[in-house]
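Protein chains in written order, with our numbering: chain A, 124 to 375; chain B, 398 to 1395.
Worksheet: one structure, shown below.
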């Protein structure tokens, strides 16, 4: 079994995902696939890509669902992107028999060393988030690398040195930074928006955070609609107003 | 390494691999949005495509389609050589031929047609981004039978805007995302402006003080993140808007000053029922419209600077002449009426009256209580100086949802009326024009091609904007001249033509038969046609001599789409990464509200097969046919180097070419001599050119002296006169008067009543036409389609990555509605209309209006097409609703009109009413109708079972580690709300995704 870093890293790189503005457009998932299919754990194999049973390795998947209040029937559509949460107490690491699954001591990124992965899939059983992707053809486990080969890459222009999913997100629902620093910009963002960890009861101490959707307005069946404009005329045809406007003086 | 064999092996992660040998910029074409991209190339292959942070359209972001470009570029559905049909149409039996033979054949077919009667060629293009070239080519050929796909897409939106405010949504204008406080988005299929609208919504929602209301029968996509979702009944948006207007008028929440300055609301209209001038503007002898001056109590020029115009009151117009009333009075009278009160419309639109009243109050609050004033002095067209720019921060956007109904033109006009009444067009916080808009209302030219002669060009462009019956494309008997019946009495203002009617009309020889059908990038053999099963029969039907009724069909596409199988001659196009293109101000540029911009595509990789860019082929054909604009006096080709040659050297007017940037040695923009280095200059600048308008020209463009001067210099407007919003449309009234028997150009009697009914000079609402003709009890549900964001406007659902997200579509139904029909999730159902039935699978969704069902469009595919295997979900489970949407309305009085808007000819996709019924157990499991598979083309690319793209493109390790940078999206907006986030307006390392208003 594999050990987590003896001393947890001070830097905890992670993603902050804003569920209030995620429109479920899939840009993050596809741009991730595009970068990473030649990235650290390349390729992101696709099986039957032109026929039935098409499937492939994706580090990031978007789930869209409707949350329905069983009592009132009120509902809301949620788009929920999910990838590895780079847990502090990552069970996918400790369960690994070969040391292939590991957490970097420098920045907390959880990676798979494909060279020594034996494809036993224990890690995917251990991960409570289903964030592991088995490559059937290569016989190894793959997962979100937080674009470790992009964020530090000196050969790229500075604007590209962020995870692909973050740079490409059209609405700006994805943020990236050091969640280990309580004063970092994204930590402040998480604080201000009431960011939460996904399924903390699993005890894995995920690093990534989600920002909750803000409450919808006037969408609940219990909402009242008291506000309305004051009519200056209550006749059926508005004749009073027309009469009033005859002498209205304005400059052309 | 430790000697202990049980110690953990530590991976040395390569942080800085050489990801690219080269990064080239170009313009995306995975949809119609035209984002800037940076293409990373490795060993001659495409390693990665990312958004260009400098680019004005997408500012560094890239959607799912753009990010999946690699898979389209290497798709096995790509065509690779010209094809000549050898089997029956539709079978997919082709032989490969050389380009010379293909071009000779095409030249022969088209040349024969041109020598006989150029009208015998019908040239229609689909998602064409080179319409200024293709339209000009048609004009040089001499056929009026040209249009692009606007007629079945969103012409109602474009035409209503152009006839009302001289611009419209999407390419014509955008919300003022930085300053708007209240944003309303209408209708499904809203993703035309893909990345800009996402960027805008993200910014808007990140700010603390803005509200986003979505009016949409379906709560997917943007509606899911709206602060309020108004689940309206399809086709009733006009009524909803009128109820809002009713409330605003009743409470006097109207910007009268704005109306007086920028609209025709004070212009006088003759009140003279039954007479030839009834409803026309009162004009002086020079043709200037008049208003009543309350000060002098006289009729004066409506453009007079000194006048105090009356808004209400019947006025005398001269001895023996009829009285007249100002436009505003007509507006007020109509919409103040109780028939448009929230209570009166609530049930029909499916929105509570209280909610309509509240939304009206919220609009009024944002517009009038949260008025914006920017410290920017400007000068209006009269020379009057303004110290500030006032704004009403309410903005709106709409697209096909309200457009694709037979009442869509009026609904779109209603929406513009609402915007104008509250004074929120081209003001801070409101809707803003993108250059070259606004244009005069409606913009020139008129459609040309009434007279065609052998081997002779037209005297103008085939597409234009008619303003009176004399402008129609009809013969002396009032019969249509165009094959699509565009600009005829059936659809007088069909500003984008009616591509959806071409196949039917050519087959029925109504108004006449054609010899050659020539199409580009339009899947008329499948998801771009209404009534698909029948439409493909129009292509395969033969006459008594065994000849196809549509004799010759030439088609150009990059992929093996369903339509390819029906062509006689296939001209294979390149992918978007292999070509030159220009995204031109003459056509559909990439401007923003901040100023004009245009762009190019450059080839970033070389084609690996025998294909040619369609635009270069078109110019080659033009030269072979001897078309004047494409041939020198000595008969040689004018643009021998193809499209890039044309892009640089073609002039539409003196110094005006396809590209505005870097003309005349890079010294001029807009106007200037063509310059051989222009394309290099574009490439150096990331493949786009943009100009930021000075602050004093950024708003009130319709009446802004300095802006209008600039627009005139750039050739966008013919003069510097103000652009006056036409709330009341005199052109509409002219058609109505003709229908009433006035004037010399008269409609045939059978069309009279229809023209009179629908050519209301003020926005009106009527039940969508097909709805009035089908049995409501038999077909109780509305049926809509939209495309998922990851495939919106996308050319090719064959994409190996995107089809892993969606490979077949289901029918979405509200659980309560489904329960009544005893239908559960995943049940197979028949969806039937008066036209026929299709079979599909159900998905329950609470985000669906209860009287509506909907599905994703263009997922279902014909077997054999798009390089997909026959077992693909697309052609076994995916269904195409088009099969049950008729291109014709039910018969009435012995005639079937097109199922289109009677004003513009916009295809009324969303008027569809259906019934849903659980199918029998043995019928479940596969879609119907199902067609015979088309054979794949000769030498088609293999469709591998396993793809491991990119395995060989990892790049060499270079060592090194760049310092880490964090990324806070919507940084500026977040900084406004949250302490500890730096604004970094100027020094944002990640592009320019910040507010531009300084």
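Note that the Cβ used here is the ideal one computed from N, Cα and C, for glycine as well.
Note the first and the last residue of the continuous alpha helix (DSSP H) segment covering residue i.
i	result
residue 659 (chain B)	653 to 659
residue 739 (chain B)	739 to 746
residue 529 (chain B)	528 to 538
residue 313 (chain A)	308 to 316
residue 581 (chain B)	Taken as a continuous stretch (DSSP letters only), residue 581 (chain B) belongs to no alpha helix (DSSP H), being part of the beta strand (DSSP E) at 579 to 583.
residue 977 (chain B)	Residue 977 (chain B) -> no alpha helix (DSSP H), and no H or E assigned at all.
residue 732 (chain B)	724 to 733
residue 639 (chain B)	634 to 647
Mind checking which residues open and close the beta strand (DSSP E) that includes residue i?
i	result
residue 202 (chain A)	198 to 205
residue 1210 (chain B)	1207 to 1210
residue 258 (chain A)	256 to 258
residue 139 (chain A)	136 to 141
residue 625 (chain B)	625 to 627
residue 1313 (chain B)	1310 to 1315
residue 994 (chain B)	994 to 998
residue 130 (chain A)	Residue 130 (chain A) -> no beta strand (DSSP E), and no H or E assigned at all.
Note down, in chain order, every chain A residue with its Cβ under 7 Å from the Cβ of residue i.
i	result
residue 464 (chain B)	150, 153, 154, 157 and 291
residue 460 (chain B)	148, 150 and 293
residue 708 (chain B)	368 and 371
Does any residue of chain B have a CB that is nearer than 8 Å to the CB of residue i?
i	result
residue 202 (chain A)	yes
residue 307 (chain A)	yes
residue 132 (chain A)	no
residue 353 (chain A)	yes
residue 255 (chain A)	no
residue 129 (chain A)	no
residue 334 (chain A)	no
residue 239 (chain A)	yes
residue 263 (chain A)	no
Does residue i have its Cβ less than 8 Å from a Cβ in chain A?
i	result
residue 1376 (chain B)	yes
residue 398 (chain B)	Note on residue 398 (chain B): pLDDT 44, under 50, position unreliable in the model; the coordinate value appears next. Not one chain A Cβ lies under 8 Å of residue 398 (chain B).
residue 653 (chain B)	yes
residue 1020 (chain B)	no
residue 1246 (chain B)	no
residue 1192 (chain B)	no
residue 452 (chain B)	no
residue 1162 (chain B)	no
residue 1416 (chain B)	No answer is possible for residue 1416 (chain B): the residues shown for chain B start at 398 and end at 1395.
Below 8 Å on C-beta distance, what does residue i contact in chain A?
i	result
residue 1365 (chain B)	298, 300, 308, 309 and 312
residue 473 (chain B)	173
Run down chain B in chain order and give the residues with a C-beta less than 9 Å from the C-beta of residue i.
i	result
residue 277 (chain A)	412, 413, 1355, 1356, 1357, 1358 and 1359
What in chain B is Cβ-close to residue i, meaning under 7 Å?
i	result
residue 166 (chain A)	1345, 1346, 1347 and 1348
residue 160 (chain A)	1346 and 1347
In the DSSP output, which residue or residues are listed as bridge partners for residue i?
i	result
residue 419 (chain B)	B:438
residue 264 (chain A)	A:257
residue 493 (chain B)	B:480
residue 775 (chain B)	B:783
So with CB distances below 8 Å, who are the chain B contacts of residue i?
i	result
residue 189 (chain A)	1242, 1243 and 1244
Residue i touches chain A at which residues, Cβ-Cβ below 9 Å?
i	result
residue 547 (chain B)	The contacting residues do not exist; residue 547 (chain B) stays about 25 Å from chain A at best.
Check whether the segment 474 to 481 of chain B and the segment 491 to 506 of chain B are in contact - that is, three or more C-beta pairs closer than 8 Å. Put simply, the segment 474 to 481 of chain B touches the segment 491 to 506 of chain B. At least three CB pairs are less than 8 Å apart.
Taking three-plus beta-carbon pairs below 8 Å as touching, is the segment 785 to 803 of chain B in contact with the segment 1151 to 1171 of chain B? By the C-beta criterion, the segment 785 to 803 of chain B is judged to be in contact with the segment 1151 to 1171 of chain B, since at least 3 inter-stretch pairs fall below 8 Å.
Contact between the segment 157 to 175 of chain A and the segment 324 to 331 of chain A is defined here as three or more beta-carbon pairs at a separation below 8 Å; is this criterion met? Too few Cβ pairs lie closer than 8 Å, so no.
Are the segment 202 to 216 of chain A and the segment 241 to 251 of chain A in contact at 8 Å, needing three or more beta carbon pairs? As far as the Cβ criterion goes, the segment 202 to 216 of chain A touches the segment 241 to 251 of chain A, which means the pair count is three or higher.
When the Cβ atoms of the segment 528 to 538 of chain B are set against those of the segment 1021 to 1036 of chain B, are three or more pairs found closer than 8 Å? In short, these stretches touch, since the Cβ pair count reaches three.
Quick check: the segment 170 to 180 of chain A against the segment 303 to 310 of chain A, are at least 3 beta-carbon pairs closer than 8 Å? The answer is no - the segment 170 to 180 of chain A does not touch the segment 303 to 310 of chain A, with fewer than three Cβ pairs under 8 Å.
Is it true that the segment 1205 to 1221 of chain B meets the segment 1230 to 1248 of chain B, where meeting means three or more beta-carbon pairs spaced less than 8 Å apart? Verdict: yes, contact present.
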